[in-house]
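These notes concern the structure reproduced below.
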Amino acid sequence: MIDEMIQNLLAESEELKPKLEIVRKRLEDKIQLKEIHRKHQVEKMTTAREMERAYKSRLQEQLQAMRAGFDARLNENRRDIDEKYKNKLDEANEALQQMNQAQEETARMRLRVNELEKTGSGYESRTEALNRKIADFESQLRLTRDDYDLRLSQRDKRVVELQEEIGRLLNENQDKFDLGVQLNTELKAYQESRLSISRQPPAASPAAPGDRSLNVLSAYFGWLRAITSNSDCDIEIEEHDVDGKFIKL
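When we follow my numbering, the leftmost residue of the sequence shown carries the number 13, and every step to the right adds one.
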């Protein structure tokens, strides 16, 4: 009876050996998969950091170059405005001085005419000549005044045009500066999220961290492609690339 029980136990043991071997292989495969996943995560994080550092460096260089160019154009426009405004003001002052001189001359002529009229009828011919001269002076005065008003109008119109040009330049470059600030903010937020992920212990499920990292990278590069697909600088984000090279320098 005991021998029969021993034989049964041995038979059951032999039957369990293949099952135990299968379980052992599954455990080994699971351990290998976890190790492969961990190495893959480390490689992805390292690559992402390198790409982030390179892109951030290039972005800073481009922003500095854009800011320097904008400052140069703004200073040049200011100098042009100051010079043109000074020229227009000088012309207006000169016209005003001429108008004042004409008015003074007209007043003197009128005074002289009045004096001549008092001397008698013998000076009628001279009075007529003086009246004609006064009429000429008055005509010149009107022309001078009209020219002065025209120059003032042209000066004011040009000043408004230059102010609108400066405003347009400021609006155009403000969008680029805002874009640079937004990119810096997104890069800092992305770096902080990468650092926080690297400090967390591995989760129980091997697929969760990878999915989160992949979603973060996909959203990040999708956002970059959306805002820089028509970039005119040295950095471009390609929408599709068979080798996975989304950033082109």
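C-beta: ideal position from N, C-alpha, C; glycine also.
- Between arginine 163 and alanine 104, the CB-CB gap stays under 8 Å.
- By the Cβ neighbour-count rule, threonine 156 is buried, with 16 or more other Cβ atoms within 10 Å of its own.
- With respect to asparagine 89, glutamate 177 sits close: the two C-beta atoms are nearer than 8 Å.
- The Cβ-Cβ distance between alanine 60 and arginine 180 does not fall below 8 Å.
- Using a Cβ-Cβ distance cut-off of 8 Å, the stretch 109 to 126 and the stretch 75 to 82 are not in contact, since fewer than three pairs of beta carbons, one from each stretch, lie closer than that value.
- The Cβ atoms of isoleucine 146 and valine 125 sit closer than 8 Å to each other.
- Between glutamate 64 and glutamine 203, the gap from beta carbon to beta carbon is short of 8 Å.
- Nearest to leucine 86 by C-alpha distance, out of Leu191, Gln186, Glu62, is Gln186.
- From the listed residues Lys51, Leu28, Lys68, the smallest Cα separation to glutamate 198 is found for Lys68.
- When the Cα atoms are used, lysine 200 and arginine 36 turn out to be separated by approximately 45 Å.
- Burial state of alanine 107 is buried, judged by a 10 Å Cβ sphere holding 16 or more other Cβ atoms.
- Taking the Cβ atoms as the reference, arginine 167 lies roughly 4 Å from lysine 100, within the contact range of under 8 Å.
- Between the alpha carbons of arginine 38 and glutamate 27 lies a gap of roughly 18 Å.
- Excluding sequence positions up to five before and after glutamine 44, its CB lies less than 7 Å from no other CB in the same chain.
- One alpha carbon belongs to histidine 49, the other to glutamine 19, and they sit about 45 Å apart.
- Residues Leu174 of the same chain have their beta carbon placed closer than 7 Å to that of isoleucine 93, with the five preceding and five following residues left out of the count.
- Closest in alpha carbon position to asparagine 112, among Leu128, Thr139, Phe149, is Phe149.
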